[in-house]
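Q:
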Amino acid sequence: MAETLRQATLEIGCAGTARARVSRATASLALALGILGGCATVDTVDPNDHGDSGSMMHVVVDSGTDASDFMDPFGPLGQPFDEAVVLHDARADRVDTTKLPQAASPCRAPMEVKVTRAVDGDTMWVVGVSEQYSGKIRFLSVDAPEISHEGSIPDCYAQEAWDFTKLLEGKHVWLSFDNECNDHFGRLLAYVTFGPGPQDLWQRQLLRRGLARVLLVGDNRSLAGELEADEASAENAGTGLWSACQ
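In the working numbering, each number is its position in the sequence shown, counted from 1, plus 2.
1. Using DSSP bridges, identify the partner residues of alanine 111.
2. Under a three-way DSSP split, which group does asparagine 238 fall into?
3. Hey, is the stretch 154-171 in contact with the stretch 98-108, meaning 3+ C-beta pairs nearer than 8 Å?
4. Measuring CB atoms only, is the stretch 162-180 touching the stretch 194-214, in the sense that at least three cross pairs come out at less than 8 Å?
5. I believe alanine 214 touches aspartate 165 by the beta-carbon criterion, under 8 Å. Please report the beta-carbon distance rounded to the nearest angstrom.
6. Once the 5 residues before and after methionine 113 are set aside, which same chain residues still bring their CB inside 6 Å of it?
7. Would DSSP call aspartate 185 helix, strand or coil?
8. Counting C-beta neighbours from all protein chains within 10 Å, is the total for leucine 79 16 or more, i.e. buried, or is it exposed?
9. For the beta strand (DSSP E) that contains serine 136, what are its first and last residues?
10. On the CB-based measure, 16 or more other CB atoms within 10 Å of its CB, does alanine 86 come out buried or exposed?
11. Tryptophan 127 bridges to which residues according to DSSP?
12. Just how far apart, CA to CA, sit leucine 191 and proline 82?
13. Within its chain, find whatever has a CB closer than 6 Å to the CB of glycine 212; leave out the 5 residues flanking it on each side and keep chain order.
14. Can you name the start and end residues of the beta strand (DSSP E) that threonine 167 belongs to?
15. At which residues does the beta strand (DSSP E) containing leucine 190 begin and terminate?
16. In angstroms, rounded to a whole number, what distance separates the CA positions of glutamine 248 and glutamine 161?
17. According to DSSP, valine 87 sits in a beta bridge with which residue or residues?
18. Compute the distance between the beta-carbons of aspartate 232 and leucine 218, then report whether it is under 8 Å.
19. Excluding the 5 residues preceding and the 5 following glutamate 148 in the sequence, name in chain order all residues of the same chain whose CB lies nearer than 8 Å to its CB.
20. For tryptophan 176, which residues does DSSP report across the bridge?
21. When you compare the CB positions of leucine 142 and aspartate 180, do they come within less than 8 Å of one another, or not?
22. By Cβ distance, which residues of its chain are closer than 6 Å to asparagine 238, with the 5 residues on each side in sequence left out?
23. Expressed to the nearest angstrom, what Euclidean distance is found between the alpha-carbon atoms of tyrosine 135 and histidine 186?
24. Judging by CA-CA distance, which residue of Leu89, Pro200, Gly130 and Phe76 is the nearest neighbour of threonine 100?
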């Protein structure tokens with residue numbers, strides 16, 4: 003997909019320029035930058051490059067942008083499910099850790115991390131921001147289609163889910179936990195939150211965009227009802243894999 007993108011420079015009326023990697027949606031990118039304000043490095047992915055329906059673009063605002071220049075474009079609910087994704091460390095910094103999704107007595111306290119690499123749509127490597135930690139995270143309660151790293155054919159919509167989660171690379175997010183912290187592979191099981199609103203939970207974004215299905219494991223069921231409702235909404239609308247993989 004990266005090969006389909008081209009480089010462009012957009013003037014946005016501040017002391018400098020916004021460097022953007024765009025495909026066919028330069029005008030939409032300019033609108034997004036106007037909403038965000040300030041100068042930023044933005045990666046955009048045209049949905050037509052990987053089969054998404056509609057006009058949604060995935061937008062990543064670089065964490066190097068001065069947080070004082072950043073204006074959160076969203077209300078209290080957070081990132082809409084049908085609009086371009088905006089990722090910025092300033093949004094993660096505004097998270098109230100007492101309101102993070104977690105069990106009544108979680109297996110460990112929330113942790114802020116930096117995403118170093120997305121392995122697939124529901125797994126990533128991270129390092130701690132304020133505490134020493136390095137490890138592989140498996141997203142709680144969702145299952146993205148399996149990507150192949152050994153040359154075999156990936157599952158339907160696996161590449162789309164992986165591309166979406168790659169947007170988190172280099173960004174700060176919060177991990178919160180349910181009743182059990184590790185799976186049988188030793189991976190840390192976590193809910194992944196990138197902003198202060200309830201819709202800023204990465205699991206919910208994956209489900210509502212039709213990039214994953216609900217998978218409840220063990221005693222980790224604190225968000226079961228909410229996530230199952232998100233899955234049903236995407237299935238009923240035929241979003242993502244629900245129409246592409248039938």
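Glycine included, each C-beta is placed from N, C-alpha and C at the ideal position.
A: Looking at the atomic coordinates:
1. In DSSP, alanine 111 forms no bridge with anything.
2. helix
3. no
4. yes
5. About 13 Å; that fails the 8 Å criterion.
6. Answer for methionine 113: Leu177, listed in chain order.
7. Judged by DSSP in its simplified three-state form, aspartate 185 adopts coil rather than helix or strand.
8. exposed
9. 136-141
10. buried
11. Arg119 and Lys138
12. Going by the C-alpha atoms only, they are around 25 Å apart.
13. Ala236, Thr241, Gly242, Leu243 and Trp244
14. Element bounds for threonine 167: not the beta strand (DSSP E) but the alpha helix (DSSP H), 160-168.
15. Looking at the DSSP string, the run of the beta strand (DSSP E) that includes leucine 190 is 190-195.
16. Distance from the CA atom of glutamine 248 to the CA atom of glutamine 161, rounded to whole angstroms, is 16 Å.
17. Bridge partners of valine 87: none, in fact.
18. no
19. Asp122, Pro156, Asp157 and Ala160
20. Glu114 and Thr195
21. yes
22. none
23. Distance between the alpha carbons of tyrosine 135 and histidine 186 is about 19 Å.
24. Out of Leu89, Pro200, Gly130 and Phe76, Pro200 has the C-alpha closest to the C-alpha of threonine 100.
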